[in-house]
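Line order of the protein sequences matches chains X and C.
The first sequence stops at residue 286 when you use my numbering, and every number in between is there.
The second sequence stops at residue 545 when you use my numbering, and every number in between is there.
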Amino acid sequence: MPLARALTDIRSPLAPRFARWATAVAVSLAVLAPRPVPALAADLEAGRRKAVACAACHGLDGNSTNPTVPSIAGQVGIYLHWQLLLYRDKRRVDPQMAPIAAALSESDMADLAAFFAAQRPAPPAAGPPDPARAETGQRLAATYHCDDCHGRDFAGREYAPRLRGLSREYLVAQMRGFKARTRGDLDGAMTQAAQPVADADIEPLADYIGSIK
Amino acid sequence: MRLSPFRYALALTVVVAFVLATGLVAAQQAPPSWKQGQPKEMESSTLSPIAQPPAPKAPGEIPVDKIKVPSGFKVELWASGINNARVMTWGDRGTLFVSSRVAGNVYAVTDKGGSREVKTIAKGLNLPNGVAFKDGTLYIAEIHRITKMEGIEGKLDSPPEMKVVYETLPKDAPHGWKYLAFGPDGKLYFNIGAPCNICIPPDTHANISRVNPDGTGFEYWAHGVRNSVGFDWHPVTKELYFTTHGRDWLGEDVPSDRLDVAPKKGLHFGYPYCHQGDIPDPQFHSGRACGEFAAPLIKTGPHVAGNGVEFYTGSMFPPEYRNRMFLAQRGSWNRSQKIGFRVMMVTLRQGDVPRYEPFAEGWLQGDQVWGRPVYTRQMKDGSLLISDDYAGAIYRVTYGR
């Protein structure tokens, strides 16, 4: 309650009473405020401290500069949290993330997911692909209904992750994984969506999605 | 007519090209299953399934007092911290086994007097929604297989290996998760849902099936069932009652979900040709008449998502509750004004339409959802447990005392 605390500091004869009133208002506002869905009871500041362990690969704020490591800044919070659970329970397999997820507690996961979800995603590192490829990719994305789930402009929504800003390499690797059924997912929806995608279509799709500004 | 070799080749090419083209187009252009069948005029709809929270709510975040029950009944939070809690089934020695869906876990809950202890006995499973218990053995249904853990109740800390009971099952994710229960005939019953919102399903899908607990004797019991993830047998007549989720994108108020009864093997309940007993599917009716199919016992409401069905056989609740059915509705996503998110009760009446009325509601406040009741399970003392997969909690409803 920073508002109430700030007001308590006002040095004036009226201040104590005003501060008490302000505290009461702030408390009732906190009670009335709609809880974020889902209530992760996450602690952003704790998340920031814990995120130091991720910086070497994902970048301090979750904007990765290594094309094989996904950017997680601004990613859908629910998605990040579920992915950490998938790695921990070995439903998603990766030699680098496995030991990291195994060492996280439930509240670490909630805090980290909340922290990275709240970071501002950097624009994609990849320059625009050549216009012909981008156009093919855009057409393919429409044909395969990718944005039905991933949201307009691939900005993600509660139900499915943000894809814009992910590197071309990472997108290609994940798509191949879904198609080969080696990339685990929460409910099988993405594995199923990847099945009809032709191998030759994966790269143009990644070119396009990875370059959306 | 005889075709010249040239014409023959041409005709063949045309046919092959057509098959290839339609096959490919169909494969590439099928929208995601939750969006299948969405008509053009609804294309801008922002409705989509409600995302499952990755963590259960803390007890302090669960407003149990918002749940309203008939007078004389009380609701308490019985257990929490059970991520994605779904089906509940009792072990012989009083362990409550609880399944989950996307969390991939199976839990064992033991009563420690004032509190409950939750242990995860299996994880990383493929949507293990179905759990059933018999003679010391826990049976678990994932999308692609049914397995068992023998003697589990004595080994909660080091669960025995999961032995395969039956695995000749489709692997489709949409509507692939199962409800699992022992029928009065000692067989295991489970659903194989349609692999889509609306489509002509393969013959192997859209049914309720059964198999012996040793994996032999598989057979279909009911056909034309889009997706039933809850059933129970009437305590007296021993007939199978089940809920079904109706198709999406036909409208805000249609079709209704249904409660059905399948007193004998082989009935067809209409999917995909006919919905709620009287609405032919605009695209997939295939010229079939609704009258050809078994009609619903109750139209339970559009998009309500009826899950658990359970007949009450206890003695804690007033006498009129005997043999009444509780029907948990997880609630809608494909409707702008949310509906469901409650436990209904159904009173069957000889020669009359059943009475259908709310028993517990309040998980939906305005258009805010804080919990989703999915299944019920009676306790030995006659109180009723309700699982909530959204809050990751179990409530207990008692009467009197």
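We treat Cβ as the ideally placed atom computed from N, Cα and C, and that holds for glycine.
All of these numbers come straight from a predicted model, not from anything done at the bench.
Contact belief for residue i with residue j at Cβ below 8 Å, rounded distance in angstroms
i	j	result
X:Ser284	X:Pro197	6 Å
C:Ala449	C:Pro517	That belief does not hold up - the Cβ atoms of C:Ala449 and C:Pro517 are roughly 10 Å apart, past 8 Å.
C:Ile290	C:Tyr310	5 Å
C:Asn335	C:Lys322	6 Å
C:Tyr534	C:Pro203	Not confirmed; about 15 Å, so no contact.
Residues that residue i contacts on chain C, provided the C-beta gap is smaller than 7 Å
i	result
X:Cys222	Pro176
X:Ile275	What X:Ile275 touches in chain C: nothing, since even the nearest Cβ is about 13 Å away.
X:Tyr232	Ser192, Pro193, Ala195
X:Ala183	Ala199
Contact list for residue i against chain C, beta-carbon separation under 8 Å
i	result
X:Lys163	Gly268
X:Leu158	Pro198, Ala247
Bridge partners - residue i, DSSP secondary structure assignment
i	result
C:Arg260	C:Asp255
C:Gln509	C:Gln512
C:Pro424	C:Cys418
C:Phe326	C:Leu332
C:Arg499	C:Thr491
C:Met293	C:Leu282
C:Val453	C:Leu471
C:Leu384	C:Trp377, C:Ala406
C:Lys354	A small fix is needed here, since residue 354 of chain C is Arg in this sequence, not Lys. Its beta-bridge partners are C:Tyr333, C:Glu363.
C:Ile530	C:Thr520, C:Tyr539
X:Glu208	DSSP, once it has assigned bridges, lists no residue as partnering X:Glu208.
C:Ile226	Answer by DSSP bridge pairing: none, since C:Ile226 is not bridged.
C:Gly445	C:Asp401
C:Val250	C:Ser243, C:Ala266
Candidates the options: closest to residue i by CA position
i	options	result
C:Asp209	C:Val373, C:Pro200, C:Leu221	C:Leu221
X:Ala129	X:Met170, X:His154, X:Arg164, X:Gly147	X:Met170
X:Glu276	X:Asp203, X:Phe188, X:Asn136	X:Asp203
X:Tyr243	X:Leu278, X:Asp221, X:Ala262	X:Leu278
C:Tyr457	C:Pro426, C:Thr491, C:Pro498, C:Ser476	The identity of residue 457 of chain C in the sequence shown is Thr, whereas the question assumes Tyr. If we check each option's Cα against that of C:Thr457, C:Thr491 comes out closest.
C:Asn371	C:His419, C:Lys408, C:Glu383	C:His419
C:Ala325	C:Gly374, C:Asn351, C:Lys292, C:Gly280	C:Gly374
C:His319	C:Lys443, C:Lys292, C:Arg245, C:Trp377	C:Arg245
C:Gly390	C:Glu205, C:Pro446, C:Ile194	C:Pro446
X:Met263	C:Gly235, C:Pro345, C:Pro176, C:Pro399	C:Pro176
C:Ala504	C:Thr254, C:Ile211, C:Glu294	C:Ile211
C:Val355	C:Tyr333, C:Glu454, C:Ala317, C:Asp376	C:Tyr333
Distance, residue j Cα to residue i Cα
i	j	result
C:Phe362	X:Val149	43 Å
C:Arg474	X:Asn139	42 Å
X:Arg290	X:Asp280	Because chain X here runs from 74 to 286, residue 290 of chain X falls outside it and cannot be looked at.
C:Val169	X:Ala214	Interpretation of C:Val169 is limited by its pLDDT of 37, a score under 50 that renders its predicted location unreliable; the figure taken from the coordinates is listed afterwards. Cα to Cα, the separation comes out at about 14 Å.
C:Ala252	C:Glu185	47 Å
C:Ala161	X:Gln211	The predicted model places C:Ala161 with a pLDDT of 38, which falls under 50 and marks its position as unreliable, so this point remains unresolved.
X:Ala273	X:Glu231	29 Å
C:Lys307	C:Ser430	42 Å
C:Ile538	C:Ala438	35 Å
C:Lys524	C:Lys292	24 Å
C:Ala406	C:Gly435	16 Å
X:Ser180	X:Ala115	7 Å
X:Phe189	X:Pro234	13 Å
C:Ile530	C:Ile483	18 Å
C:Arg230	C:Ile265	15 Å
X:Glu339	C:Phe217	Outside the displayed span of chain X (74 to 286) sits residue 339 of chain X, for which this structure offers no information.
C:Ser192	C:Pro416	21 Å
X:Thr141	X:Lys163	20 Å
C:Glu286	C:Asn270	5 Å
C:Trp554	C:Pro339	Lying outside 145 to 545, the shown extent of chain C, residue 554 of chain C is not represented and no answer is given.
C:His349	C:Arg260	39 Å
C:Ser243	C:Ser215	31 Å
C:Gly421	X:Ala199	55 Å
X:Gln156	C:Ala223	26 Å
C:Asp401	C:Trp507	20 Å
Closer than 8 Å at the beta carbon, the chain X residues around residue i
i	result
C:Ala317	Asp260, Gly261, Ala262, Thr264, Gln265
C:Ser531	Those within 8 Å of C:Ser531 in chain X number zero; the least Cβ separation is about 17 Å.
C:Leu271	Asp260, Gly261
Neighbouring residues, chain X, relative to residue i (Cβ below 7 Å)
i	result
C:Val572	The question about residue 572 of chain C has no answer, for chain C in this structure spans 145 to 545.
C:Lys210	In chain order: nothing, as chain X lies at least about 13 Å away.
C:Ser430	The contacting residues do not exist; C:Ser430 stays about 24 Å from chain X at best.
C:Leu313	Here the premise fails: no neighbours, minimum Cβ distance about 14 Å.
Where residue i meets chain C, residues with beta-carbon distance less than 9 Å
i	result
X:Ile151	Ala195, Gln196, Pro197, Pro198
X:His154	Pro197, Pro198, Ala199
Within chain X, partners of residue i - CB distance below 9 Å
i	result
C:Lys179	His218, Asp221, Cys222
C:Leu492	Within 9 Å Cβ-Cβ: nothing; C:Leu492 doesn't reach chain X, min ~35 Å.
Check: residue i C-beta below 8 Å from any heavy atom of ligand 1
i	result
C:Tyr310	As presented, the structure is devoid of all ligands, ligand 1 included, so that no description of it is given.
Contacting positions in the region 173 to 204 of chain X - beta carbon closer than 7 Å to chain D = In the structure shown, chain D cannot be found, because the protein chains are X and C.
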